[in-house]
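Undergrad: Note that my numbering gives residue 162 to position 160 of the sequence shown, counting from 1, and the numbers run on in steps of one. Positions of the beta carbon are idealized from the N, C-alpha and C atoms, including for glycine. The structure presented is a predicted model; accordingly, all values stated were derived computationally and were not measured.
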Amino acid sequence: MQPKYSYTRPKTTSLAKSISPARLSTYGRLSNGTKADAIHLYYWNMSLSQSLYIPIQTLEVSLRNIVSNSISSVFGQDWYLQARFKKTLDGWANTSLEKAIEKATESTSKKGKLLTEGDVIANLSFGFWGALLAQRYKLSIWNKRFPRVFIFFNDILLAISDDVMIYSYKYNQISLNR
3 MQPKYSYTRP
13 KTTSLAKSIS
23 PARLSTYGRL
33 SNGTKADAIH
43 LYYWNMSLSQ
53 SLYIPIQTLE
63 VSLRNIVSNS
73 ISSVFGQDWY
83 LQARFKKTLD
93 GWANTSLEKA
103 IEKATESTSK
113 KGKLLTEGDV
123 IANLSFGFWG
133 ALLAQRYKLS
143 IWNKRFPRVF
153 IFFNDILLAI
163 SDDVMIYSYK
173 YNQISLNR
């Protein structure tokens with residue numbers, strides 16, 4: 003827990019100038035209107051966001067590893083290059099994958115290394131992994147893998163996909179401290 007901070011008038015004025023009126027106005031509307039209360043609420047939100055960051059980050063890493071392992075078992079270790087896999091993706095997911103490959107390729111070539119699955123995985127968003135749990139991928143990826151990967155769930159792919167997309171949205175909000 004963060005120690006209590008004293009919001010004296012000079013400190014409040016200085017902090018208010020450094021945060022920006024646009025950002026602080028949101029907190030001003032939610033508080034009783036004083037700068038000190040708005041700043042306190044702003045820092046409380048940052049503290050709350052910080053406490054949620056690690057569990058959501060752990061969920062993201064676990065999910066992407068589970069999903070990528072499942073994709074690898076169906077399409078091979080270089081699944082991200084396989085036309086057969088790419089054909090199963092919708093437009094958004096395909097664009098996300100191509101951008102991740104491009105970014106990873108650029109990064110690895112600067113280091114004189116070859117592109118790996120891990121490089122591509124690291125450049126894909128939480129939203130990408132959540133999107134792959136959507137019902138439309140049930141036949142191409144999940145029909146045989148789903149019961150082995152998510153052993154406590156039967157046929158609730160859509161519910162899991164919706165939950166992951168909510169967590170992805172919240173993660174983005176937390177990352178931006180909103």
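Which of helix, strand or coil does DSSP assign to S49?
TA: helix
Undergrad: Between S22 and the rest of its own chain, which residues show a CB-CB distance below 7 Å, the 5 nearest in sequence each way excluded?
TA: none
Undergrad: If you drop the 5 nearest sequence neighbours on each side, which residues of the same chain put their C-beta closer than 8 Å to that of S33?
TA: D39, A40, H42 and L43
Undergrad: Going along the chain, which residues of its own chain have a beta-carbon closer than 6 Å to the beta-carbon of N67, five neighbours each way excluded?
TA: Here N67 has no same chain residue with a Cβ atom under 6 Å from its own Cβ, once five neighbours each way along the sequence are excluded.
Undergrad: Report, in whole angstroms, the separation of the C-beta atoms of L134 and A95, which I expect to be a contact under 8 Å.
TA: 7 Å
Undergrad: Where does the unbroken alpha helix (DSSP H) through A106 begin, and where does it stop?
TA: G93 to K112
Undergrad: For Y55 and K19, what's the separation of their Cα atoms in angstroms?
TA: Looking at the two C-alpha atoms, the distance is approximately 27 Å.
Undergrad: Could you check where the alpha helix (DSSP H) with T182 kicks off and where it finishes?
TA: Past the edges of the chain, shown from 3 to 180, lies residue 182, and the structure says nothing about it.
Undergrad: Measure the alpha-carbon distance for N97 versus L61 and round it to whole angstroms.
TA: Contrary to the premise, residue 97 reads as Thr rather than Asn in this sequence. Near 23 Å, if we compare the C-alpha coordinates of L61 and T97.
Undergrad: Looking only at its own chain, which residues have a Cβ that is under 7 Å from the Cβ of Y29, when we skip the five neighbours before and after it?
TA: A40, L43 and Y44
Undergrad: Can you tell me which of S53, V69 and S27 puts its alpha carbon nearest to the alpha carbon of G120?
TA: V69
Undergrad: Could you give the distance in angstroms between the alpha-carbon of S109 and the alpha-carbon of L65?
TA: 24 Å
Undergrad: State buried or exposed for G132, treating a residue as buried only when at least 16 other CB atoms are found within 10 Å of its CB.
TA: So G132 counts as buried.
Undergrad: Within this structure, are the beta carbons of I103 and F87 separated by less than 8 Å?
TA: no
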